[in-house]
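2 protein chains.
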Amino acid sequence: MSNKELDLSSKEKILNAARRVFIRNGSSGARMQEIADEAGINKALLHYYFKNKEGLFELVFNDAFSEFIPKIHNIFSGDGSVMEKIERYVETHLELLIKKPDLPMFVLNEMQREPRTIFSGILNKMPGAPPFEFFLKQIEEEMKDGKIRTMNPRDLWMNVMSMTVFPFIGEPMLKKFLVLNSEEYRTLLTKRKESILLFIQLALLSKSNTP
Amino acid sequence: MSNKELDLSSKEKILNAARRVFIRNGSSGARMQEIADEAGINKALLHYYFKNKEGLFELVFNDAFSEFIPKIHNIFSGDGSVMEKIERYVETHLELLIKKPDLPMFVLNEMQREPRTIFSGILNKMPGAPPFEFFLKQIEEEMKDGKIRTMNPRDLWMNVMSMTVFPFIGEPMLKKFLVLNSEEYRTLLTKRKESILLFIQLALLSKSNTP
DNA sequence: ACTTTTGTTAACCATTTGGTTAAAGGCAAT
DNA sequence: ATTGCCTTTAACCAAATGGTTAACAAAAGT
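In structure tokens form, the structure reads like this:
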């Protein structure tokens, strides 16, 4: 239990501890006793406030999306050119990722394991097809109009998300490949926005030189 | 136990089962009994051939790198321009990833949890700094010579790896964003090589149009 | 043939782990 | 003070889990 939490309600202390432990150890690696210890309360109190491990996990997992989803929804439902939306997405997501760098590993790992019934509830809170479908069409339009270079819109979008998120998931591997220590790596991440957007602009807006 | 394994030695059957179970459930989610069942042998036999869970995990984990590391080492120690090396990397890695799509999630997830002592052994089998450092210098050279566009070499390399690996880790999320079902997604992945390389070539070789 | 070594199993064990219980504190309303 | 309600805890429990044992089966060596 961190010092700042001393005056929080027990329920809050538990939730915060659960968040840390689940994110650190994963759903199956997390121990209820460890959560209780880290919250500074008795283990029985976990079950007083929350049904069971699964229930506590669901809350933590759902909460992991709480900031992300509305912001994303906002960006892709709103106005703006493709490039503007990409810029806003990269900026917004990077900001979240730097605040909570271990969230995507946690989320994607748990999602891959079991397409739980749980997820039906959560993923339906996701923007769902409409805004994304619209964005993909918007990309096609701009390509047809010659505003950006023509390519598979889904590949473009896959590239944007990959360059944004992967550095936070592949850190241990990338550090090796880039010959950087943790501090240098973190510094690199803080300058990541400009670097991603430059790369995308070059691919989408420059005059082709290749066959 | 799959049909093809009926005539393998028990040790091999165990290793194969362990691979599947560890990759499916992670180190902490895997159960020795599940491995035994999936191998079609008695649980005690696990401990006859392998010291314990940790030891079995190590073997599986190490083996996950066995194909990757020498191929990578080969590419980056060999001759060729930056663009040629990138092409060979993307092609080689994609080929491995399509064969074993769930390996990067497994590996990166386990690496992030604990910088285990185990890893010292494995990661030292990694090419280590030398070939990567050389490649980064080679990138700088070619940039200085105007052969490819100038940017932070590490950002470039981060982008290349991200676009290659992330689609295999972020599948559940990307499927939502791209409005694709599993089959369509897999089809997209098979055409991924050309799409990544096009994107990189545009960014590195085209004439700039932007401020 | 028989002895030794290797492979395999059912039964067992100790510990861990998620979860419960019953009792005790704390505290506001009466 | 007493009642009743919410909070918190120590002790406890049953199931799951990693690992061991001792006996049995199958090869291999002689």
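Chains as they are written, first to last, in the working numbering: chain A, 589 to 799; chain B, 589 to 799. Here a beta-carbon is modelled for each residue, glycine too, at the ideal position from N, C-alpha and C.
*Per-residue burial, A/Glu-698 [other beta carbons within 10 Å of its own, 16 or more giving buried]*: It counts as buried.
*Consult DSSP for B/Lys-795 and reduce its assignment to one of helix, strand or coil.*
Correct three-state label for B/Lys-795: strand.
_Going residue by residue through the stretch 647–695 of chain B, where are the continuous alpha helix (DSSP H) segments of at least 4 residues, counting only ones entirely within it?_
Residue ranges of uninterrupted alpha helix (DSSP H) with 4 or more members, entirely inside the stretch 647–695 of chain B and ordered along the chain, are 656–665, 670–687.
_Proximity of B/Pro-755 and B/Leu-786 at Cβ, strictly below 8 Å_ = In this structure, B/Pro-755 lies away from B/Leu-786, with their beta-carbon atoms at least 8 Å apart.
*Between which two residues does the alpha helix (DSSP H) harbouring A/Phe-610 extend?*
Where A/Phe-610 is concerned, the enclosing alpha helix (DSSP H) starts and stops at 598–617.
*asked:* Does chain A have any CB closer than 8 Å to the CB of B/Val-648?
replied: It does not; no Cβ of chain A falls within 8 Å.
*By the 10 Å Cβ neighbour count, where 16 or more other Cβ atoms means buried, how is A/Gly-614 classified, buried or exposed?*
With 16 or more other Cβ atoms within 10 Å, it is buried.
_Buried or exposed (CB count within 10 angstroms, at least 16 for buried), A/Tyr-677_ = Burial state of A/Tyr-677 is buried, judged by a 10 Å Cβ sphere holding 16 or more other Cβ atoms.
*Residues near B/Phe-694 by beta carbon distance below 6 Å, same chain, minus five either side*: Short of 6 Å from the beta carbon of B/Phe-694, and not among the five residues preceding or following it, lie these beta carbons of its own chain, in chain order: Ile-611.
*Between the beta-carbon of A/Ile-623 and the beta-carbon of A/Ala-606, is there less than 8 Å?*
Yes, the Cβ-Cβ distance between A/Ile-623 and A/Ala-606 is below 8 Å.
*asked:* Quick check: is the beta carbon of B/Asp-667 nearer than 8 Å to any beta carbon in chain A?
replied: It does not; no Cβ of chain A falls within 8 Å.
*Leaving out five residues on either side along the sequence, give the residues of the same chain with a beta carbon under 7 Å from the beta carbon of A/Ile-784.*
Val-678, Met-751, Thr-752.
_Spatial neighbours of A/Ile-757 in its chain, beta-carbon cut-off 8 Å, leaving aside the 5 residues before and after_ = Once the five neighbours on either side are set aside, the close Cβ partners of A/Ile-757 are Pro-692, Met-693, Leu-696.
*Can you pull the chain B residues whose beta carbon is under 7 Å from the beta carbon of A/Ile-674, in chain order?*
The contacting residues do not exist; A/Ile-674 stays about 13 Å from chain B at best.
*Taking all protein chains shown into account, do 16 or more other C-beta atoms lie within 10 angstroms of the C-beta of B/Pro-741, making it buried, or fewer, making it exposed?*
The residue in question, B/Pro-741, is buried, as its Cβ has 16 or more Cβ neighbours within 10 Å.
*Neighbour list for B/Pro-755 in chain A, Cβ cutoff strictly below 7 Å*: Residues of chain A passing the Cβ test: Met-746, Ser-750.
_Distance check for A/Asp-625 and A/Lys-601, CA to CA, integer angstroms please._
Whole-angstrom Cα-Cα distance: 11 Å.
*Rounded to a whole number of angstroms, what is the C-alpha to C-alpha distance between B/Glu-728 and A/Val-648?*
Rounded to whole angstroms, B/Glu-728 to A/Val-648 spans 44 Å at the Cα level.
*Please report how far the alpha carbon of B/Tyr-773 lies from the alpha carbon of A/Tyr-636, in whole angstroms.*
Between the alpha carbons of B/Tyr-773 and A/Tyr-636 lies a distance of about 43 Å.
*asked:* Quick check on A/Phe-645 - is its C-beta less than 8 Å from some C-beta in chain B?
replied: Closer than 8 Å: no.
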